[in-house]
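Visitor:
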Amino acid sequence: MQTKNTAKPHTFSFRWSLEQTLICFALLSCLLSSVACYILLDQVVLHQSLPILGTLCFIALFGWLFMLFYRTVINSFHRNQAHLDAILNEDYNQIVKPSYPAGCVNTLQQQLIALSESLYQKKSRYDQHVFLVYQLIAHFNVPIVVLDQRDKLDYANQAYGDLKGMPWQSLRHMGVSSLGLVFNNGQWQFSDVITQQHWQIRHSEFVEQGQTHQLLVMINISSALRESQLNAWQQIIRVLGHEIRNSLTPVASMAESLASQLTTERQQQALGIISERCNHLNEFVGRYASINQRLTLTPSLIDCEPLIEQIKLLYPKAQITAAIDCSPIYADRTFLFQVLINLIKNAVEASAEPAKISVNISAQISLNTSAPNSRQKAPSIYQIIVKDCGQGLANPDNIFVPFYTTKQGGQGIGLSFCRNIIEQHGGSLTLTNNTDQPGASATILLPYLHRELGCK
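Numbering that gives the first Met the number 0 numbers the first residue of the sequence shown as 0 and each following residue consecutively.
1. Could you tell me the alpha carbon to alpha carbon distance between Asn-140 and Phe-334, rounded to whole angstroms?
2. Counting C-beta neighbours from all protein chains within 10 Å, is the total for Ala-113 16 or more, i.e. buried, or is it exposed?
3. I'd like to know whether the C-beta atoms of Ser-440 and Ile-384 end up nearer to each other than 8 Å.
4. Assuming the contact rule is C-beta atoms closer than 8 Å, Leu-118 and Tyr-91 should be a hit. Round their C-beta distance to whole Å, please.
5. Taking the C-alpha atoms as reference points, what is the distance between Pro-142 and Gly-425?
6. Assign Lys-96 to one of three DSSP states: helix, strand, or coil.
7. Taking buried to mean at least 16 other C-beta atoms within 10 Å of its own C-beta, is Gln-436 buried or exposed?
8. Just reading off the beta strand (DSSP E) that Tyr-159 is part of, what are its end residues?
9. Put Asn-140 into one of helix, strand or coil per three-state DSSP.
10. Taking the alpha carbon of Trp-198 as the point to measure from, which residue in Phe-205, Glu-207 and Trp-187 has its own alpha carbon closest?
11. Which class does Ala-269 belong to by DSSP, given the choice of helix, strand or coil?
12. How far does the beta strand (DSSP E) with Asn-345 in it extend, from its first residue to its last?
13. Taking the alpha-carbon of Gln-157 as reference, which of Ser-169, His-241 and Ile-443 has the nearest alpha-carbon?
14. According to DSSP, is Ile-220 part of a helix, a strand, or is it coil?
15. Suppose you measure from the CA of Phe-68 to the CA of Lys-121; what does that come to, to the nearest Å?
16. Span of the alpha helix (DSSP H) holding Pro-446?
17. CB-CB under 6 Å to Val-175, same chain, minus the five flanking residues each way: which ones, in chain order?
18. List the DSSP bridge partners of Lys-122.
19. Below 8 Å on the Cβ atoms is my guess for Gln-108 versus Pro-97; work out the distance and round it to an integer in Å.
20. Am I right that Asp-147 and Gln-210 are in contact with their C-beta atoms under 8 Å? What's the rounded C-beta distance?
21. Use the C-beta contact count for Ala-377: other C-beta atoms within 10 angstroms, 16 or more gives buried, fewer gives exposed.
22. Let me check understanding here. Comparing Cα to Cα, which of Val-145, Val-347 and Gln-268 lies closest to Trp-320?
23. If you follow the beta strand (DSSP E) that Gln-436 is in, where does it begin and where does it stop?
24. Would a check of beta-carbon distances place Arg-149 closer than 8 Å to chain B?
25. Sort Thr-71, Leu-162 and Ser-75 by Cα distance to Ile-459 and report the nearest one.
26. With a threshold of 7 Å (Cβ to nearest heavy atom), would Ser-203 be considered close to the ligand HEM?
27. Can you find the residues in the same chain that come closer than 6 Å, C-beta to C-beta, to Ile-323, ignoring five residues on each side of it along the sequence?
28. Give me whichever residues DSSP pairs with Lys-151 in a beta bridge.
29. For my contact list, Val-144 and Tyr-125 are in at a C-beta cut-off of 8 Å; report their separation, rounded to the angstrom.
30. Could you say which of Cys-29, Ala-81 and Ile-73 lies nearest to Ile-58 if we only look at CA atoms?
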């Protein structure tokens, strides 16, 4: 297959600069004027040396006038060039005074001034928008990072610092590999496979000061997945529970009726077992349906010290130590009291007597980088840690599964119900084995303010 050559033939042309053009025209004009001047003087003046002297004087005067004209023209272009360089460097404060009161050069310089002012206004608006974006990033409660054109951390918010467990400023200018991020198939992801299962990253690009930046928003999908699973289970239980109750109620009623009519003890015992198991299954379905129901919270200011003292009275044999370093917290006192009782009860049962349990309550202080005064500090979350020295968690993956228990006589609904309470406060509950000593730790994180719960 032949292709048509569309290239233009090479042509010879002279491309002169403005300076070269002016000089050539000046030399040509000077030469022609000098010849004309010499001929004129030679015809008028009789002395032979005067035409030559007059011509030289004419050439000198012509050269001096040309240099004045040349400098004036070239200087005006130098001013325009300096103005354009300032515009290219986004320096819009440097404005050139017009070299001429009228004409095409004046029009050109006036247009440059108008262009500079227009770009200055656009840059001011853009800078305001960028500043607003950074202000919004700082106030979001989801981790957000900004990467520069070299894929290094340029900015982040406090939520990202909380995710990493350190101030984000200490991670600034670190590469994405050091941050645990990777770019695969057009998407940003966490390099850790386990973290990928709980977090998604949405990204976009924006330009700041001529450089392309990456904006990464990290979304925790664990709660969304768990809520979706719970909703699915609730729908299944609602349907199954209705059918099971409709089936078991007449069976239990008939068993009780038959038991009252039979005389043999063995038959009465068998029917009693049927009736008991029907009632137990009905109770099981009812309890499962109520584990993750929506609660009506009544938040208020809670002084933690009296709350812990009340719990100590319930377990006089346990050695419970409390370290409280925060102001009163906002939460529903009844439900929070129930959660702490459940966690401390589990810690006591998992420990040998006398059980040694520590309760640490603190407000995590973070630097408010969005404030005008960067030294201003503000609490972000309340942290409650219940720590024991017991046997630890045998199966951490199933501790929040309803009705899963490793305790003799346990029902397996306590921790699941506790997590439901804390999550409806807008917080989280996690249980982990201790790394520095035997036992386990339960960590409760609650938002510093609960405006969504109606707290004033």
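Beta carbons: idealized from backbone N, C-alpha and C, even for Gly.
Guide: According to the data block:
1. 25 Å
2. exposed
3. yes
4. 6 Å
5. 16 Å
6. coil
7. exposed
8. Segment 157-163 is the alpha helix (DSSP H) holding Tyr-159; no beta strand (DSSP E) there.
9. coil
10. Trp-187
11. helix
12. From DSSP, Asn-345 is part of no beta strand (DSSP E) but of the alpha helix (DSSP H) over 332-349.
13. Ser-169
14. coil
15. 38 Å
16. That residue, Pro-446, is in no alpha helix (DSSP H); its beta strand (DSSP E) goes 439-446.
17. Asp-150
18. DSSP, once it has assigned bridges, lists no residue as partnering Lys-122.
19. 5 Å
20. 6 Å
21. Only weak support exists for where Ala-377 lies, its pLDDT of 46 falling under 50; the value from the coordinates is given anyway. It is exposed - the Cβ of Ala-377 has fewer than 16 other Cβ atoms within 10 Å.
22. Just to set this straight, residue 320 is Thr in the shown sequence, not Trp. When only C-alpha atoms are compared, the closest one is Val-347.
23. Where Gln-436 is concerned, there is no enclosing beta strand (DSSP E), given that its DSSP letter is neither H nor E.
24. This model lacks chain B altogether; it includes just one protein chain.
25. Coverage of the chain is limited to positions 0 through 455, which leaves residue 459 absent and any answer about it impossible.
26. No copy of the ligand HEM occurs in the structure displayed, which carries no ligand at all.
27. Cys-303, Glu-304 and Ile-360
28. Gly-174
29. At roughly 21 Å, the Cβ-Cβ gap does not stay under 8 Å, so Val-144 and Tyr-125 are not in contact.
30. Cys-29
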